[in-house]
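S.K.: I have a structure I would like to understand better, so I am pasting it below and will then ask my questions one at a time.
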């Protein structure tokens, strides 16, 4: 039993990454109708950003946790202004293709500079070692990651429900036509929201650096899983993305334990089931996706 | 269908005519000479992806060193000009396949060396067999090259999964770590390693408490690390067959769970010196693994490594030395045969025994074309033991050539 | 650009083929000259370049045409065609290796396998529209990748699967020069099928679904079933291409089912021009040649180049190569036939400027 609980806990940690990425993807999609393929690439850049700051400037993890997402958010905003913006009036497929191209470029730029080997990044000293969680011992850093991811999701939730900006974003995400027809000026929030979503991806990347291999391709396989997560949660639903992220994380951990052969296909099988049962995802609404 | 056949038959006829007109068709039958008046050594390897540092362009340089050394030692050689050509397969078997055909056909390569990544290597071996040209594989790990997929023109030079698994599994078990927990990535390489490893452990008197496949690629190994100390009996050592990025993940998380303090050691199935170099010696210190060659093993190796460093700016991996040696042995076989005709060279290589900077007690087995030589059990040094860059390994013991590789009686190879 | 202009652009786009056709009908010789020229080029290709690369071009052209049937003609971006291409590649190789099947039988089995896989995947995927469809197909293809990776007894897993040297009725085709001519008729048949589909009443419904699915639904057409039909046809063609590709290389590997292969197919379509069919042939020629050249030149970071192509084409050149050529031709024909005042109709230039949607 303890074993199973511990596995579920593992799943939550892995799910935290999925949730943060899915959240950013959902917010961007909500505001811009853009599925950002480059989300995985920014996750990778986040990890490399932390690595770069540490090796080139001696900036520690904690500072990187602030600086890197902020810097990449700015990059994201520039990207939105320079490219994505030009295509938002056209079929969303164009932006999907654009961000796919950007992904290939970013990956290879990093590869040119650092090669395809993994780069070392050690845990912050404060979080070395493990903590006793009552039932079992667990690495402090992973506990921190989980706590951080949950707090972050809650903060984003508060931001979305308690502030005016948040309400606009949420309204635009979940009821786009209605929001626009009510005369709300959604346009001015587009760029900051895009940057915010990118920032979340970068943050996930910084968090990943001490516990996962930092290499140029680290985001590209993950992003496909995140797509499946978002499809399961409902692309139009911010809440659904987060819930599905944690849920899939746990499902994968349990799958690892009982049916290792299936653990990678599990998320896609779940996606197929959800599509059969509720084509708009568990928490999605009709009409958001057309 | 008949329409199609007739059309293609007509086209076939034209094609054949054209081919014979151009004189490209068929292998040369002018045995006893050097075809095209020169010997062409080809390399196909990964110059842009994960194995670029392990082998890559520096292996091309190593082969050039072999050519120079050969020419120096054989001033009156019958071989006139020697050319080195190379291609990047980007770790894609499709590309490797096309490049192999191109190197053999268009650039007149007589032999193709290196070819990391098992899938790419098997593809190239297949092309070599079809074109009846030689392939000496250095950097791929699969035993299939000398097993089920063996062929007359393919040689496996440096190492394979059997060598890695047996070296580490046997030696570590014999040193007292009897209970093993094995985690392996669930794909061909990992499965091969797992079965070799388990056999080796059991033969050495140990037992595999449990053995778990993991997803590949995977970035979260907590599931497996968490359960390790609770197994019954508690394992003395975790044997991991992960490679590359996954290995890095696993080692990071192994350290995070402090398993070393709980008395669970870590043995690694496949590790290259370039992995240690890129992640730093701290990440791996104390880990045991098997290496095919180490640059600082003795004076001979070191001298060669110095020369290599002068030309490339870095220390050689086993792959660089292996390519050097393979090129040298190929050239000497051509010299002995007096021709670069593939069949004649194969006959010279088969059963040949030699010693060079890479291969100690080297022998090219005729039965399965496995090149056997001494292998080394290495331990990653502690940070304070490192005295210079690339000084990462302490050679714990030497595994003699006739024990390092799968016994020839067990081979599944049926040379056609 | 206003929503109106965008929808004009869409309609415009839908007429695109029609206009060219009209232009061609105006000069009946043109089509035949083009077709004959194209065929001649296809037949001459292995004389002009390294034969295996010539056949790769043909295979990727057919794969891209399959993707274009969905993307350009039905408005569905499939980012998962590697699943069908790869499944067929494995099937063809297994048929040859295990059962010694002759070339036509191996190809047939490959095509059937791809079509069979397309039914459930398509059934689930066509429930989704727009960008959702792209994500779902990508996800399913990734699932097939993992299955291929695990199912080692059949696929060889990471090691890949080596097939026998190709032969046809006792003639050894291991020379790529000869194989090109054995494989080309299959590819041409695939292209002809695609052309036939597009120019049939079925094809008209496809285009109508692309432009206004609700209207088509209202008219009583079962939109889902039509979409599924196109999906299966498209997957079948992708399977034909993938099977031949694997036989020609004597090898099938995980590369065939990886997302990069799907991405490459989409890039070929976008570069050549969506909704043009022939654009895919041009795109394939350029992309395969470029990759071949770059890898030969020791340039490993192909993503920098292919990624840039994506970005540039999507931002500045949405019609693609063939689409732009068509556009120029159309303008010329119009200039010579249509009175000046119709050409300068307001709003139209705007729509053309912005390019068109798939």
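Chains as they are written, first to last, in the working numbering: chain S, 2 to 291; chain U, 101 to 516; chain W, 56 to 413. By construction, the Cβ of each residue, glycine as well, lies at the ideal position given by its N, Cα and C atoms.
With a cut-off of 7 Å, does the C-beta of residue 78 of chain W fall near any C-beta of chain U?
M.R.: Note that residue 78 of chain W scores 49 on pLDDT, short of 50, meaning its location in the model is unreliable; the coordinates nonetheless yield the value given after this. It does not: the Cβ of residue 78 of chain W has no partner Cβ on chain U nearer than 7 Å.
S.K.: Helix, strand or coil: how does DSSP classify residue 106 of chain W here?
M.R.: helix
S.K.: Have a look at S:61, S:93 and S:152 and flag the residue whose alpha-carbon is nearest the alpha-carbon of residue 30 of chain S.
M.R.: S:93
S.K.: Using a Cβ-Cβ distance under 7 Å, would residue 188 of chain W count as near chain S?
M.R.: no
S.K.: Return the Cβ separation of residue 194 of chain W and residue 272 of chain S in integer angstroms, given the expectation that the two are a contact with Cβ distance under 8 Å.
M.R.: 6 Å
S.K.: Do you know offhand how far residue 212 of chain W's Cα is from residue 147 of chain W's?
M.R.: 16 Å
S.K.: Select from U:317, U:298 and U:337 the residue whose C-alpha is nearest the C-alpha of residue 277 of chain U.
M.R.: U:337
S.K.: Residue 237 of chain U by DSSP, collapsed to three states: which one?
M.R.: strand
S.K.: Rounded to whole angstroms, what's the CA-CA distance from residue 370 of chain U to residue 265 of chain U? Just pull it up for me.
M.R.: For residue 370 of chain U and residue 265 of chain U, the gap between their C-alpha atoms comes out near 8 Å.
S.K.: Short of 9 Å Cβ to Cβ, which residues in the segment 336–358 of chain W face chain S?
M.R.: Listed in sequence order: 355, 356, 357 and 358.
S.K.: What runs of the alpha helix (DSSP H), each 4 residues or longer, lie entirely inside the segment 416–497 of chain U?
M.R.: 418–437 and 442–449
S.K.: Just to confirm my understanding: we take residue 448 of chain U, look at its own chain, exclude 5 residues before and 5 after, and list those with CB closer than 7 Å. What are they?
M.R.: 433, 436 and 437
S.K.: At a CB distance below 8 Å, what residues from the segment 64–95 of chain S approach chain W? Give them in sequence order.
M.R.: 84, 87, 88, 90, 91, 92, 93, 94 and 95
S.K.: Where does residue 178 of chain U sit, in a helix, a strand or coil, going by DSSP?
M.R.: coil
S.K.: Distance check for residue 142 of chain S and residue 128 of chain S, CA to CA, integer angstroms please.
M.R.: Spanning the alpha carbons of residue 128 of chain S and residue 142 of chain S requires a straight line of approximately 5 Å.
S.K.: Near residue 157 of chain S, what residues of its chain come up, given a Cβ to Cβ distance below 7 Å and the 5 sequence neighbours on each side ignored?
M.R.: 24
S.K.: Please confirm if residue 320 of chain U has its CB atom under 7 Å from at least one CB of chain S.
M.R.: yes
S.K.: Specify the secondary structure class of residue 138 of chain S as computed by DSSP and reduced to three states.
M.R.: Three-state result, residue 138 of chain S: strand.
S.K.: Give the residues of chain U in contact with residue 61 of chain S, contact being defined as C-beta atoms less than 9 Å apart.
M.R.: Ordered by position in chain U, no residue passes the 9 Å Cβ test against residue 61 of chain S, which lies about 17 Å from the chain.
S.K.: For residue 503 of chain U and residue 474 of chain U, I'd like the C-alpha separation in whole angstroms.
M.R.: Their backbone Cα atoms lie some 8 Å apart in a straight line.
S.K.: For residue 229 of chain S, go through chain W and note every residue whose CB falls closer than 7 Å to its CB, in chain order.
M.R.: 194
S.K.: Could you have a look at residue 285 of chain U and say whether DSSP puts it in helix, strand or coil?
M.R.: Correct three-state label for residue 285 of chain U: strand.
S.K.: Considering only C-alpha positions, which residue in the set W:106, W:351 and W:387 is nearest to residue 229 of chain W?
M.R.: Closest by alpha carbon: W:106.
S.K.: Is there contact here, the segment 394–412 of chain U with the segment 257–274 of chain U, by at least three beta-carbon pairs under 8 Å?
M.R.: A contact between stretches requires three or more CB pairs, one per stretch, nearer than 8 Å, and the segment 394–412 of chain U fails this requirement with the segment 257–274 of chain U.
S.K.: Identify each residue in the segment 257–281 of chain S for which the Cβ-Cβ distance to at least one residue of chain U is less than 8 Å, and report them in chain order.
M.R.: Those would be 257, 258, 261, 262, 264 and 265, in chain order.
S.K.: If you draw a straight line from the C-alpha of residue 331 of chain U to the C-alpha of residue 367 of chain U, how long is it?
M.R.: 17 Å
S.K.: Round the Cβ separation of residue 215 of chain U and residue 209 of chain U to the nearest angstrom and send it over; I've been treating them as touching at under 8 Å.
M.R.: Between the beta-carbon of residue 215 of chain U and that of residue 209 of chain U there is about 12 Å, and that puts the pair past the 8 Å contact cut.
S.K.: Report yes if the CB atom of residue 279 of chain W is closer than 7 Å to the CB atom of residue 181 of chain W, and no otherwise.
M.R.: Their beta carbons are under 7 Å apart, which means residue 279 of chain W touches residue 181 of chain W by this criterion.
S.K.: Using a Cβ cut-off of 7 Å (strictly closer), state whether residue 201 of chain U contacts chain W.
M.R.: yes
S.K.: Just to confirm, are residue 177 of chain W and residue 283 of chain W a CB contact at a threshold of 7 Å?
M.R.: yes
S.K.: Report the CB separation of residue 161 of chain W from residue 302 of chain W in whole angstroms; it is logged as a contact under 8 Å.
M.R.: 6 Å
S.K.: Please say whether residue 47 of chain S and residue 173 of chain S have beta carbons closer to each other than 7 Å?
M.R.: no
S.K.: Could you tell me whether the Cβ atoms of residue 158 of chain W and residue 329 of chain W are closer together than 7 Å?
M.R.: no
S.K.: Considering only the alpha carbon of each residue, which of U:427, U:412, U:322 and U:360 lies closest to residue 256 of chain U?
M.R.: Nearest to residue 256 of chain U by C-alpha distance, out of U:427, U:412, U:322 and U:360, is U:427.
S.K.: Since residue 307 of chain U is in the beta strand (DSSP E), which residue starts that stretch and which ends it?
M.R.: 307–314
S.K.: Return the bridge partner residues of residue 367 of chain U from the DSSP annotation.
M.R.: Residue 367 of chain U is bridged to U:339 and U:388.
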